[in-house]
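Participant: So the protein sequences, as listed, match chains X and E.
Heads up: the first sequence begins at 114 in the working numbering, then just goes up one per residue.
Heads up: the second sequence begins at 4 in the working numbering, then just goes up one per residue.
The following block contains the structure, expressed as structure tokens.
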Amino acid sequence: MHFPTTDPLGLPWLLPAPDDLRAQVRALGGGTDAIAAHALTGLAGHALDLDQLTSVAKLLDKGRARIEPGTLTPLRLAVLMDGTADHLAPAIRASGLRHGLLIDTWVAPYGQALAEATRPGSDLGASGVQMALVASDFRSLGLGRPHVDAGAAEDAVAGALARMEAIVGGLAARKITPVLATVPVPAGGWMGSFDALAPGSPAAMVTEFNVRLAGLARDRGALLFDAARVAALVGHGRWFDDGLWNRSKIPFALDAVPLWADHVARLLGAARGKARKCLVLDLDNTLWGGIIGDDGLEGIKLGQGSSDGEAHLAVQAMALDLKARGVVLAVVSKNEDAAARLPFQKHPEMLLREADIAVFLANWNDKATNIAHVATTLNIGVDALLFLDDNPAERARVRQMLPQVAVPEVPADPSLYPMMVMGSGWFDAVALSDDDLKRAEQYRANAERSVALQQIGDYDDYLASLDMACELSAFDGIGRARIAQLINKSNQFNLTTRRYTEAEVAAAEAEPQVFDLQVRLVDRFGDTGMISVVIARASGEEWLIDTWLMSCRVLGRRVEEAVLASLVQGARAAGAKRLVGEWLPSPKNAMVERHYEKLGFKPAGMIDGGGTRWVLDLADHVQPKLPMALSGDRSFAA
Amino acid sequence: MDETQVLAKFRDVFADVMDIDDPEIGMESTAKDFEEWDSLSNIRLVVAVERAFGTRFSNADIEGFSCVGDLVRALVARAG
Numbered sequence: 114m115h116f117p118t119t120d121p122l123g124l125p126w127l128l129p130a131p132d133d134l135r136a137q138v139r140a141l142g143g144g145t146d147a148i149a150a151h152a153l154t155g156l157a158g159h160a161l162d163l164d165q166l167t168s169v170a171k172l173l174d175k176g177r178a179r180i181e182p183g184t185l186t187p188l189r190l191a192v193l194m195d196g197t198a199d200h201l202a203p204a205i206r207a208s209g210l211r212h213g214l215l216i217d218t219w220v221a222p223y224g225q226a227l228a229e230a231t232r233p234g235s236d237l238g239a240s241g242v243q244m245a246l247v248a249s250d251f252r253s254l255g256l257g258r259p260h261v262d263a264g265a266a267e268d269a270v271a272g273a274l275a276r277m278e279a280i281v282g283g284l285a286a287r288k289i290t291p292v293l294a295t296v297p298v299p300a301g302g303w304m305g306s307f308d309a310l311a312p313g314s315p316a317a318m319v320t321e322f323n324v325r326l327a328g329l330a331r332d333r334g335a336l337l338f339d340a341a342r343v344a345a346l347v348g349h350g351r352w353f354d355d356g357l358w359n360r361s362k363i364p365f366a367l368d369a370v371p372l373w374a375d376h377v378a379r380l381l382g383a384a385r386g387k388a389r390k391c392l393v394l395d396l397d398n399t400l401w402g403g404i405i406g407d408d409g410l411e412g413i414k415l416g417q418g419s420s421d422g423e424a425h426l427a428v429q430a431m432a433l434d435l436k437a438r439g440v441v442l443a444v445v446s447k448n449e450d451a452a453a454r455l456p457f458q459k460h461p462e463m464l465l466r467e468a469d470i471a472v473f474l475a476n477w478n479d480k481a482t483n484i485a486h487v488a489t490t491l492n493i494g495v496d497a498l499l500f501l502d503d504n505p506a507e508r509a510r511v512r513q514m515l516p517q518v519a520v521p522e523v524p525a526d527p528s529l530y531p532m533m534v535m536g537s538g539w540f541d542a543v544a545l546s547d548d549d550l551k552r553a554e555q556y557r558a559n560a561e562r563s564v565a566l567q568q569i570g571d572y573d574d575y576l577a578s579l580d581m582a583c584e585l586s587a588f589d590g591i592g593r594a595r596i597a598q599l600i601n602k603s604n605q606f607n608l609t610t611r612r613y614t615e616a617e618v619a620a621a622e623a624e625p626q627v628f629d630l631q632v633r634l635v636d637r638f639g640d641t642g643m644i645s646v647v648i649a650r651a652s653g654e655e656w657l658i659d660t661w662l663m664s665c666r667v668l669g670r671r672v673e674e675a676v677l678a679s680l681v682q683g684a685r686a687a688g689a690k691r692l693v694g695e696w697l698p699s700p701k702n703a704m705v706e707r708h709y710e711k712l713g714f715k716p717a718g719m720i721d722g723g724g725t726r727w728v729l730d731l732a733d734h735v736q737p738k739l740p741m742a743l744s745g746d747r748s749f750a751a
Numbered sequence: 004m005d006e007t008q009v010l011a012k013f014r015d016v017f018a019d020v021m022d023i024d025d026p027e028i029g030m031e032s033t034a035k036d037f038e039e040w041d042s043l044s045n046i047r048l049v050v051a052v053e054r055a056f057g058t059r060f061s062n063a064d065i066e067g068f069s070c071v072g073d074l075v076r077a078l079v080a081r082a083g
């Protein structure tokens with residue numbers, strides 16, 4: 114299938130599928146060898162059409178037992194759809210690979226969404242599903258025919274919403290996180306432009322339904338999938354195919370399935386912490402037109418007055434807008450350092466300044482090496498990076514050396530760069546926490562802290578000089594979004610890598626047997642926000658530590674010792690005798706393999722899958738003096 | 004295009020949609036001859052054929068096709 118280069122239906126930010134894709138899929142599927150995650154993500158990283166997605170999904174079915182998930186996160190998803198969904202589920206599964214997920218799907222029988230979500234003993238309840246995509250259609254919601262009477266229109270919208278509330282309630286009772294899809298506005302009209310003013314027009318009713326659905330998602334901790342916006346991006350005239358609906362209850366055009374499925378997958382990926390955290394920018398011909406080393410400050414094209422200059426300005430504006438919501442910015446450029454920094458310091462039309470860039474690497478090293486260095490410096494994985502470069506050779510090189518880095522294709526015209534980066538969905542978010550808003554400041558402050566260490570020398574003196582204040586508190590409604598975000602994003606300092614949704618976090622708060630802990634840290638350089646989360650469960654004389662994670666930003670600050678002190682005192686107060694901790698290995702958490710040993714726990718055996726169990730006798734624990742002030746309802750501070 | 008040419012082009016489309024290499028397909032072939040050819044893949048097949056041949060079938064047309072030959076003859080007639 115061939116689309117013009119910027120048509121969103123063709124997923125233009127991805128490389129075109131290779132001609133022998135089917136043969137490659139077949140080669141992976143044949144034989145008895147293990148199937149590596151990177152081979153699957155490599156295939157799915159291309160712009161696949163529906164037939165190709167279906168063939169990759171078939172490989173996932175056939176080879177399921179042989180797949181080594183590696184860094185892919187498994188997810189069981191139910192698809193509750195008005196209309197036919199059997200062709201959509203394979204597309205979601207194949208697209209999931211592109212966003213770090215190994216998805217298994219369970220599709221509700223046609224017309225059974227409400228029954229499956231609410232009926233006691235339904236198959237859905239027994240399916241082990243973690244999330245459910247609920248995608249309605251205006252034709253089955255009763256919003257397809259107009260109402261002259263405004264009261265009848267209100268009844269129709271309220272009735273459609275009541276159906277969604279019932280489904281959400283049924284899913285919540287089954288501990289399944291709902292993913293509620295907005296409804297694409299029907300293409301057909303009733304009274305033309307006046308539809309927008311007539312509350313009973315299908316367009317107005319669907320629009321009102323979508324507004325209330327977003328409110329429902331917000332109130333009930335559900336995820337919102339804005340399918341209406343995907344349809345609008347494509348255009349309603351191309352989105353809907355009435356012939357297909359009449360023939361087979363196919364809800365939208367088959368050509369739109371790859372884009373729709375990628376949008377589903379990116380949302381689920383973001384919910385599982387797979388979204389990218391850092392935008393790595395090339396400079397010459399990306400942030401400005403021309404080559405600073407050759408053209409000089411006056412020669413580069415940037416700013417109002419030239420079309421290329423405005424295009425590059427728009428790239429900078431996109432970067433700043435991403436930074437404002439917590440994406441970290443880095444620069445990797447083949448340049449002399451002084452020349453590369455000159456526009457940031459001296460060019461009057463530059464929007465980006467040096468202070469906006471957390472890591473600035475301008476040298477003549479291989480870009481892949483520099484990009485790996487960005488990840489190390491920021492203490493994040495390379496799979497948290499997105500690299501934007503106008504040069505196809507550099508993009509190809511980075512894809513080859515670091516296949517985990519997201520590298521969007523961009524056409525020659527820089528005006529289209531922002532659309533490709535944002536259209537890729539690799540920066541999609543499911544929440545915006547206070548910590549997101551402060552993150553850029555935090556990374557800059559981190560850089561200052563390392564300077565402070567160099568000046569002071571002795572590490573204990575350094576820690577004391579930071580004037581740290583650590584707040585240890587029980588979970589609460591204010592912290593919940595950030596707690597769920599940390600639970601789903603933290604990979605390295607994460608003892609068990611158990612993922613919980615916001616709804617599950619809320620449920621844990623209410624359980625009397627659960628000791629939960631959220632930890633914040635402030636020092637003289639700034640507020641690092643919430644940086645650690647612990648969930649422990651009391652069982653007789655033992656407390657089992659289900660979850661212990663910490664942001665790598667505060668490694669080496671002895672926060673884990675403050676956390677242990679809180680756990681020990683909480684357990685003692687409850688009459689417990691022992692703390693039991695587990696380390697469950699993941700591809701990323703080797704750094705905490707000896708976490709419990711370092712804190713004075715004794716080995717207590719192995720766990721299936723290579724993990725270890727540790728126990729601390731509370732009678733043995735002696736509280737060390739910590740270089741920080743403690744506060745909060747779980748600090749047990751005098 | 005004559006029937007032979009249309010059938011050859013249809014075979015390529017069929018191979019991609021059904022994910023079968025070199026399918027043995029002729030004018031008399033029907034869905035019963037292929038395990039992969041079910042009601043769902045048939046929908047994808049019709050849309051892919053419409054796109055490849057730049058035409059659009061009505062639901063009545065589609066219901067009238069009982070074998071590959073019917074479809075091929077309809078495509079030849081439309082190509083003129």
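Ideal placement from N, C-alpha and C gives every residue a C-beta, glycine not left out.
What you are looking at is a predicted structure, and each value in this text was computed from that prediction instead of being measured.
Got a sec? Which residues, its chain only, sit under 8 Å from residue 751 of chain X by beta carbon, not counting five neighbours each side?
Facilitator: Against the first sequence, residue 751 of chain X aligns to sequence position 638. In this prediction, residue 751 of chain X scores a pLDDT of 47, lower than 50, which makes its location untrustworthy; the coordinate-derived value is nonetheless stated afterwards. Excluding sequence neighbours, residue 751 of chain X sits near nothing in its chain.
Participant: Rounded to a whole number of angstroms, what is the C-alpha to C-alpha distance between residue 421 of chain X and residue 458 of chain X?
Facilitator: Numbered from 1 along the first sequence, position 308 holds the residue referred to as residue 421 of chain X. Numbered from 1 along the first sequence, position 345 holds the residue referred to as residue 458 of chain X. Approximately 21 Å between the Cα atoms of the pair.
Participant: Can you give the beta carbon distance from residue 648 of chain X to residue 633 of chain X, rounded, assuming they're within the 8 Å contact cut?
Facilitator: Within the first sequence, numbered from 1, the residue matching residue 648 of chain X stands at position 535. Within the first sequence, numbered from 1, the residue matching residue 633 of chain X stands at position 520. Contact doesn't hold; Cβ gap of about 17 Å is too wide.
Participant: On a CA-only basis, which of X:148, X:455, X:183 is nearest residue 175 of chain X? Give me that one, please.
Facilitator: To locate residue 175 of chain X, count along the first sequence from 1; it is residue 62. Of the candidates X:148, X:455, X:183, the one whose C-alpha sits nearest the C-alpha of residue 175 of chain X is X:148.
Participant: Mind checking if residue 78 of chain E is an interface residue toward chain X, Cβ cutoff 8 Å exclusive?
Facilitator: Here residue 78 of chain E corresponds to residue number 75 of the second sequence, with the count starting at 1. Closer than 8 Å: no.
Participant: Give me the Cβ distance between residue 287 of chain X and residue 237 of chain X, rounded to the nearest whole Å; I'm assuming they're in contact under 8 Å.
Facilitator: In the first sequence, the residue the question calls residue 287 of chain X occupies position 174. In the first sequence, the residue the question calls residue 237 of chain X occupies position 124. Yes, they are in contact, since the Cβ atoms of residue 287 of chain X and residue 237 of chain X sit about 7 Å apart, within 8 Å.
Participant: Looking at chain E, which residues of the region 353-366 of chain X have a Cβ within less than 9 Å of any of its Cβ atoms?
Facilitator: Per Cβ criterion, the list reads 354, 356, 357, 359, 360, 361, 363, 366.
Participant: Which of the three DSSP states, helix, strand or coil, is assigned to residue 583 of chain X?
Facilitator: Along the first sequence, one-based indexing puts residue 583 of chain X at 470. In the structure shown, residue 583 of chain X sits in a strand (DSSP, three-state: E or B).
Participant: State whether the region 369-389 of chain X contacts the region 422-434 of chain X, with contact taken as three or more CB pairs (one from each stretch) at a distance under 8 Å.
Facilitator: In short, these stretches do not touch, since the Cβ pair count stays below three.
Participant: Does residue 663 of chain X come out as helix, strand or coil in the three-state DSSP assignment?
Facilitator: Along the first sequence, one-based indexing puts residue 663 of chain X at 550. Strand, per DSSP.
Participant: Just to make sure I have the definition right: I need the residues of chain X whose C-beta is within less than 9 Å of the C-beta of residue 47 of chain E. Which are they?
Facilitator: Residue mapping note: residue 47 of chain E aligns to position 44 of the second sequence, counting from 1. By Cβ distance, chain X contributes 163, 164, 167, 200, 367.
Participant: Would you tell me roughly how many angstroms separate the C-alpha atoms of residue 82 of chain E and residue 76 of chain E, rounded to the nearest one?
Facilitator: Residue 82 of chain E sits at position 79 when you count from the first residue of the second sequence. Residue 76 of chain E sits at position 73 when you count from the first residue of the second sequence. Cα to Cα, the separation comes out at about 10 Å.
Participant: Counting only the same chain and skipping the five closest in sequence on each side, list residues whose C-beta sits under 7 Å from that of residue 323 of chain X.
Facilitator: To locate residue 323 of chain X, count along the first sequence from 1; it is residue 210. 295, 296, 341.
Participant: Where in the region 188-225 of chain X do unbroken runs of the alpha helix (DSSP H), each at least 4 residues long, occur, reported from the N-terminal end onward?
Facilitator: Runs found: 201-211.
Participant: Just mark residue 709 of chain X as buried or exposed, buried being the case when its beta carbon has 16 or more other beta carbons within 10 Å.
Facilitator: Translated into the one-based positions of the first sequence, residue 709 of chain X becomes position 596. Result: buried.
Participant: Considering only C-alpha positions, which residue in the set X:481, X:505, X:507, X:502 is nearest to residue 495 of chain X?
Facilitator: What you label residue 495 of chain X is simply residue 382 of the first sequence in a count that begins at 1. It is X:481 whose Cα lies nearest to the Cα of residue 495 of chain X.
Participant: Against chain X, with Cβ distances strictly below 8 Å, would residue 28 of chain E count as a contact?
Facilitator: As a working mapping, residue 28 of chain E is identified with position 25 in the second sequence. It does not: the Cβ of residue 28 of chain E has no partner Cβ on chain X nearer than 8 Å.
Participant: Which residues, in order along the region 16-42 of chain E, keep a beta-carbon less than 9 Å from a beta-carbon of chain X?
Facilitator: Within the region 16-42 of chain E, the residues whose Cβ lies closer than 9 Å to some Cβ of chain X are 18, 19, 20, 21, 22, 24, 42, listed in chain order.
Participant: In or out: residue 390 of chain X buried (at least 16 other Cβ within 10 Å) or exposed?
Facilitator: If you number the first sequence from 1, residue 390 of chain X lands on position 277. That one is buried.
Participant: For residue 171 of chain X, would you say it is in contact with chain E, using Cβ-to-Cβ distances shorter than 8 Å as the test?
Facilitator: As a first step, residue 171 of chain X is located in the first sequence; it is residue number 58 there, counting from the start. So, interface residue.
Participant: With respect to the alpha helix (DSSP H) encompassing residue 277 of chain X, which residues constitute its N-terminal and C-terminal limits?
Facilitator: As a first step, residue 277 of chain X must be located in the first sequence, where it is residue number 164. Residue 277 of chain X -> alpha helix (DSSP H) spans 263-286.
Participant: Quick check on DSSP: helix, strand or coil for residue 438 of chain X?
Facilitator: In the first sequence, counting from the first residue as 1, residue 438 of chain X sits at position 325. In this structure, residue 438 of chain X counts as coil in the three-state DSSP scheme.
Participant: At a Cβ cut of 7 Å, what residues of the region 122-145 of chain X count as close to chain E, listed as they run along the chain?
Facilitator: Those residues of the region 122-145 of chain X that come within reach of chain E (Cβ to Cβ, closer than 7 Å) are 135.
Participant: Any beta-carbon of chain X closer than 8 Å to the one on residue 52 of chain E?
Facilitator: The residue given as residue 52 of chain E occupies position 49 in the second sequence. No, because no Cβ of chain X sits closer than 8 Å to the Cβ of residue 52 of chain E.
Participant: May I ask you to check if the CB of residue 143 of chain X is nearer than 7 Å to at least one heavy atom of the ligand FMN?
Facilitator: As far as ligands go, the structure on display features none, and thus does not contain the ligand FMN.
Participant: Let me know the secondary structure DSSP gives residue 643 of chain X once reduced to three states.
Facilitator: Along the first sequence, read from residue 1 onward, the residue named residue 643 of chain X stands at position 530. In this structure, residue 643 of chain X counts as strand in the three-state DSSP scheme.
Participant: Closer than 8 Å is the cut-off here; do at least three beta carbon pairs connect the region 437-451 of chain X with the region 469-479 of chain X?
Facilitator: Counting Cβ pairs under 8 Å, three or more are found: they touch.
Participant: Within 10 angstroms of the Cβ of residue 591 of chain X, are there 16 or more other Cβ atoms? Answer buried if so, exposed if not.
Facilitator: For the purposes of this step, residue 591 of chain X is identified with residue 478 of the first sequence, where counting begins at 1. Burial call: exposed.
Participant: With H, G and I counted as helix, E and B as strand and the rest as coil, what does DSSP make of residue 617 of chain X?
Facilitator: Residue mapping note: residue 617 of chain X aligns to position 504 of the first sequence, counting from 1. Residue state, collapsed to three classes: helix.
Participant: Given a threshold of 16 other Cβ atoms within 10 Å of its Cβ, counted over all protein chains shown, does residue 439 of chain X qualify as buried or as exposed?
Facilitator: The residue labelled residue 439 of chain X in the question sits at position 326 within the first sequence. With 16 or more other Cβ atoms within 10 Å, it is buried.
Participant: Please identify the residue among X:700, X:436, X:325, X:676 whose C-alpha is closest to the C-alpha of residue 603 of chain X.
Facilitator: On the first sequence, residue 603 of chain X is found 490 positions in, with the first residue counted as 1. When only C-alpha atoms are compared, the closest one is X:700.
Participant: Just the C-alpha distance for residue 319 of chain X and residue 26 of chain E, rounded to the nearest angstrom, thanks.
Facilitator: The residue labelled residue 319 of chain X in the question sits at position 206 within the first sequence. The residue labelled residue 26 of chain E in the question sits at position 23 within the second sequence. The alpha-carbon atoms of residue 319 of chain X and residue 26 of chain E are separated by roughly 45 Å.
Participant: Given a cut-off of 8 Å on the beta-carbon distance, is the pair residue 662 of chain X and residue 607 of chain X in contact?
Facilitator: For the purposes of this step, residue 662 of chain X is taken as residue 549 along the first sequence, with counting starting at 1. For the purposes of this step, residue 607 of chain X is taken as residue 494 along the first sequence, with counting starting at 1. Yes, the pair counts as a contact, with Cβ atoms nearer than the cut-off.
Participant: Using the Cα positions of residue 161 of chain X and residue 393 of chain X, report the straight-line distance between them to the nearest angstrom.
Facilitator: Walking along the first sequence from the start, residue 161 of chain X turns up at place 48. Walking along the first sequence from the start, residue 393 of chain X turns up at place 280. One C-alpha to the other measures close to 26 Å.
Participant: Please name the residue or residues paired with residue 159 of chain X in a DSSP beta bridge.
Facilitator: Taking the first sequence and counting its residues from 1, the one referred to as residue 159 of chain X is at position 46. Residue 159 of chain X pairs with X:128.
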